[in-house]
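Quick notes on the structure that follows.
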Amino acid sequence: MATINLTLKVWRQKGQKDKGRLETLPAPGISTDMSFLEMLDVVNERLTLEGKEPVAFDHDCREGICGMCGAMVNGLAHGPERGTTLCQLHMRHFRDGDTLMIEPWRARAFKVVKDLVVDRSAFDKIIAAGGYVSASTGGAQDANAIPVPMETAEEAMDAAQCIGCGACVASCPNASAMLFMSAKVSHLALMPQGRPEAARRVLAMLRAADACGFGNCSNERECEAKCPKEIKITHIARMNREYMKAVFGSARE
Amino acid sequence: MKLESHAPGGPIETRWSRHKNQIKLVNPANKRKYDIIVVGTGLAGGSAAASLAELGYNVKAFCIQDSPRRAHSIAAQGGINAAKNYPNDGDSVWRLFYDTVKGGDFRARESNVYRLAEISTAIIDHCVAQGIPFARDYGGLLANRSFGGAQVSRTFYARGQTGQQLLLCCYQGMMRQVAAGKVTMFPRREMLDLVIVDGKARGIVARNLVTGELERHAGHAVVLATGGYGNVFYLSTNAMASNVTAAWRCHKRGALFANPCYTQIHPTCIPVSGGHQSKLTLMSESLRNDGRVWVPKKQGDTRAAADIPEDERDYYLERKYPSFGNLVPRDVASRNAKQVCDEGRGVGATGLAVYLDFRDAIQRDGRATIERKYGNLFAMYEKITADDPYTTPMMIYPAIHYTMGGLWVDYNLMSTIPGLFVLGEANFSDHGANRLGASALMQGLADGYFVIPYTIGGYLAGTALPQVSLEHAAFKDAESGAKEQTRRLLAIQGRRTVDDIHRALGRLLWDNCGMGRNDQGLQEVLQKVPELRDEFWKNALVPGGADDFNQSLEKAGRVADFLEFAGLMAKDALTRRESCGGHFNEAFQTEENEALRDDENFCHVAAWEYKGPDAEPERHVEPLVFENVTLAQRSYK
Ligand SMILES: Cc1cc2nc3c(=O)[nH]c(=O)nc-3n(C[C@H](O)[C@H](O)[C@H](O)COP(=O)(O)OP(=O)(O)OC[C@H]3O[C@@H](n4cnc5c(N)ncnc54)[C@H](O)[C@@H]3O)c2cc1C
Ligand code: FES
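Top line first, the protein sequences correspond to chains A and B. Numbers 1 to 253, taken from our numbering, label the letters of the first sequence in order. Numbers 254 to 890, taken from our numbering, label the letters of the second sequence in order.
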């Protein structure tokens, strides 16, 4: 088992009101089989035994699906690997002697809760504004009543697999939530069950995102490059089309 | 105590509809006068919260994560069962019912299982109506696959992310109700106690995980959907925050805990790589549809897989179980993997792994087909292990995955505490001693979408529930108990980290209360758990303060409860003098090493009553009556 020695420069911030600062923490003897979060576990065990407070970071599934984890590693959301969440990033991608700068997502709409933990409740607000199909439990017809072309379902699934981690916002120079939002708009606009509300949905979600303080899209494509689920910005294009249809009234079908 | 299941009698096919017809209804105008507390927003809690709010109840929903969209349910990969019989391959409600009862080794309640199978089809209808992009065939109709030991194709899926799509669907339904003002969401909260007034569940005490503040919440009923306790083993496929705390605190308040020894080991997980390992990753068992499981015939064969010729490979599942082959149920597949590794035929650096090989499937169907079916799983495997499963066989080993045991509930999903309902993995109800693949998602959603909306009404309509004040002594008492526990945890200031003690507990249980159990090992657990508990309360080191975002404190509270719960699990295992499903006591096995039940003496649910910190818990039984299926020795030959 190979091991490497690293130096971490980690953002430490007690709470929202604290200003925060970078702290240098050595991370010696890290096995290259570890995940990034397991590396942080090891550092935290040591801090704990030294009577210091461990680094706070969000995580839960540790298999790249819950969207809970995430931090900027050397300026890159979820670190250097493509299509990878921080929990799925393995230490074999780093070299002995590396210094890693680890910081929380930064965006006007995401306030730091503590250290690497941020408040992403703005995403929930966007979904609450319209990211659903208004079909209450109990009234559904048979599941096979409406055929959906395989390609359409697959394309919807490409969008629907967004994990809501916030890397797109953190990577965007404007801290825009367009990729996140478009993933939901696109998923539901593609599925026939989502069509009846398509116009209302896109307008309401865009309004909510503005109210939360997310920025606009200026086609930087950083979001797409850092999305751990590799969600494409073509969904933003589809959202824009849905928006145009909604504004000009043709989406009310 | 007599455990009354309240399951209706008569023909099993009509029990649920007759029951529904007899349940009292709450007048629509009155529904808005009721506050329902839903703890946990995974599939079970999320679907319950959405559906109850749609009916007009005021729902207060709680979860540990920063958003309900992140509950552990999100990680489910393989799929969800439903008796739709779309493939025309002979499936039916009856067959799903029968398979579930048999798969559970005849240790589940017939009425509940039948209802589950009956409801299964409505779940798929609802989920499709919500826009879930399930996999489809070229004609645009829904695709099905066979899964985890079923001989029909009844599993619906959305790539390898079925749990994600189902959970996001519940979450969106909930958020719609948040916007409508019918659900109030309390994320980053941990329930620490149940509040009982006049013998009924009337509220909870929860810790705000950001500020550390203890909050009191009152309601007319409490719905607990807090998931399973697999993390008692430290290493499991569960999410890191999965815990027994909420269920255990309810248990201490009087809810009986049923069958805690029924734990499920999943056969296809990525093997442990070292001491730093924090959790185990599941490789969906849908992989067993196309992958072939094998080990070398020779002991200690260290050749690379590709260098081992065909006639020196032992496809042991195909050899021993010709009709089910690689698709035998989980417990059987897991035990066989352990057995070949115990024989010294395991592979990989630790010898604790077997191969899952796609070579033949790729040759037969082409790489593109395999990629479409399993691409994301293969990518995940490669990310973790740096091996490419398209060219070298995967290595897998069993791991703790699911817990069939849980709080005892009746047919209405109500625990032994009136007004406390328990849903999803947190209850014990439908899977007996072993759960079939793709049935947990089905159960969680059945409970939340289609059972609780009816049964809770019956309770509310038929019960006098005067307003309770947050200043009631029961609230004060629960809050001061929670505060005292926090104070004690922070005051230990010992020298060992909580993780370190948890790791020791996990090791002890995995070795002695895991895949293979025996009396001596279980006795050892019973002796060592109290020692570890002592060690914890004397020597644990919990940094930080009470009034802060303190993840070490959260973890310590959960481990403290695991340390109490572990004793009950071993005691339950030791008391059940038989093997069944996931509970395999080596003393009770057939000549073919299958679990040997004792239907004469153990055809019952064991439900434990808490009697105080230093008292022995009391074991109650609910006899299981089988009127519709004949008890048989499971055979997958
Ligand atoms: C890797 C993996 C893959 C799986 N794949 C499948 C599959 O393909 N098919 C299938 O049928 N099943 C599968 N399962 C099983 C299935 O996912 C789970 O059994 C099911 O999702 C549990 O749902 P739940 O709603 O009961 O609980 P969970 O999803 O565990 O939700 C628990 C909720 O309770 C909250 N909570 C817990 N404790 C507290 C507390 N003290 N206070 C406040 N909130 C609390 C949590 O925050 C969370 O919201 C899989 C399981 C795993 C681990
Ligand atoms: S911890 Fe769930 S995505 Fe990383």
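The beta carbon of each residue, even a glycine, is placed where N, CA and C say it ideally should be. All values derive from a computational prediction rather than experimental measurement.
Ligand 3 heavy atoms versus the CB of Q330/B: any closer than 7 Å?
-> Ligands in the displayed structure: ligand 1 and ligand 2; ligand 3 is not one of them.
How is G747/B classed by DSSP in three states: helix, strand or coil?
-> coil
Under a three-way DSSP split, which group does G249/A fall into?
-> coil
Can the beta-carbon of D610/B be found closer than 8 Å to that of L666/B?
-> no
Taking three-plus beta-carbon pairs below 8 Å as touching, is the segment 58 to 65 of chain A in contact with the segment 489 to 507 of chain B?
-> yes
Which bits of chain A does E307/B rub up against, with CB to CB less than 9 Å?
-> Within 9 Å Cβ-Cβ: S136, T137, G138.
Can you tell me the Cα-Cα spacing of W269/B and A260/B, whole angstroms?
-> 9 Å
With C-beta atoms as the reference, is G194/A less than 8 Å away from G299/B?
-> No, Cβ-Cβ distance for G194/A and G299/B is not below 8 Å.
Note the first and the last residue of the continuous beta strand (DSSP E) segment covering N461/B.
-> Element bounds for N461/B: 453 to 461.
Burial state of F248/A (16 or more Cβ within 10 Å) = exposed
Closer than 7 Å: C69/A CB and nearest ligand 2 heavy atom = yes
Establish whether the CB of F36/A and some CB of chain B are separated by less than 8 Å.
-> no
What does a CB cutoff of less than 6 Å around A27/A pick up in its chain, not counting 5 residues either side in sequence?
-> If we look at A27/A and ignore the five residues flanking it on each side, its Cβ neighbours are L6, L8, V43.
Entirely enclosed beta strand (DSSP E) segments - the segment 657 to 712 of chain B, minimum 3 residues = 673 to 675
Distance between A199/A and E253/A (C-alpha atoms, nearest Å) = For E253/A, the predicted model reports a pLDDT of 46, less than 50, meaning its position is unreliable; a value from the coordinates is still stated below. The alpha-carbon atoms of E253/A and A199/A are separated by roughly 9 Å.
G697/B to A621/B, Cα distance in whole Å?
-> 34 Å
Specify, as a first and last residue, the run of the alpha helix (DSSP H) that E807/B falls within.
-> 804 to 828
Using a Cβ cut-off of 8 Å (strictly closer), state whether A167/A contacts chain B.
-> No, because no Cβ of chain B sits closer than 8 Å to the Cβ of A167/A.
For R201/A, which option in A211/A, K184/A, L76/A, C212/A has the closest C-alpha, if you only look at C-alpha atoms?
-> K184/A
Look at the Cβ atom of L785/B, then the Cβ atom of H654/B, and state whether they are nearer than 8 Å.
-> no
For T479/B, verify whether its CB is less than 7 Å away from any heavy atom of ligand 1.
-> yes
Measure the alpha-carbon distance for A209/A versus A122/A and round it to whole angstroms.
-> 8 Å
Cα-Cα separation, A251/A to I146/A = Unreliable positioning characterises A251/A in this predicted model, as indicated by a pLDDT of 46, which lies under 50. The coordinate reading is nonetheless provided below. The alpha-carbon atoms of A251/A and I146/A are separated by roughly 20 Å.
Residue environment, K255/B, which counts as buried when at least 16 other CB atoms sit within 10 Å | exposed
Curious, which full-length beta strand (DSSP E) runs of at least 3 residues does the segment 585 to 634 of chain B contain?
-> 607 to 610
At a Cβ cut of 9 Å, what residues of the segment 531 to 554 of chain B count as close to chain A, listed as they run along the chain?
-> So the list reads S531, K532, T534, L535, given in the order they occur along the chain.
Do you know how far the Cα of W763/B is from the Cα of G130/A?
-> The alpha-carbon atoms of G130/A and W763/B are separated by roughly 46 Å.
At a CB-CB cut-off below 7 Å, which residues of chain A make contact with D344/B?
-> Per Cβ cutoff of 7 Å: no residues; D344/B is ~14 Å from chain A at best.
Would a check of beta-carbon distances place H379/B closer than 8 Å to chain A?
-> yes
Do the segment 339 to 353 of chain B and the segment 506 to 524 of chain B make contact, defined as three or more Cβ pairs closer than 8 Å?
-> no
Can you give me the start and stop residues for the alpha helix (DSSP H) that A375/B sits inside?
-> 363 to 382
Interface residues of chain B facing A198/A [CB-CB closer than 9 Å] = Correct list: empty, because the minimum Cβ distance to chain B is about 11 Å.
Sorry if obvious, but does the Cβ on T534/B come closer than 7 Å to a heavy atom of ligand 2?
-> T534/B Cβ: outside cutoff for every heavy atom of ligand 2.
Sequence-distant residues of its chain with Cβ nearer than 8 Å to T828/B (five each side left out) = Hits under 8 Å: A859, R872.
Distance, R120/A Cα to A167/A Cα | 11 Å
In whole angstroms, what separates the C-alpha of V585/B from that of Y650/B?
-> 13 Å
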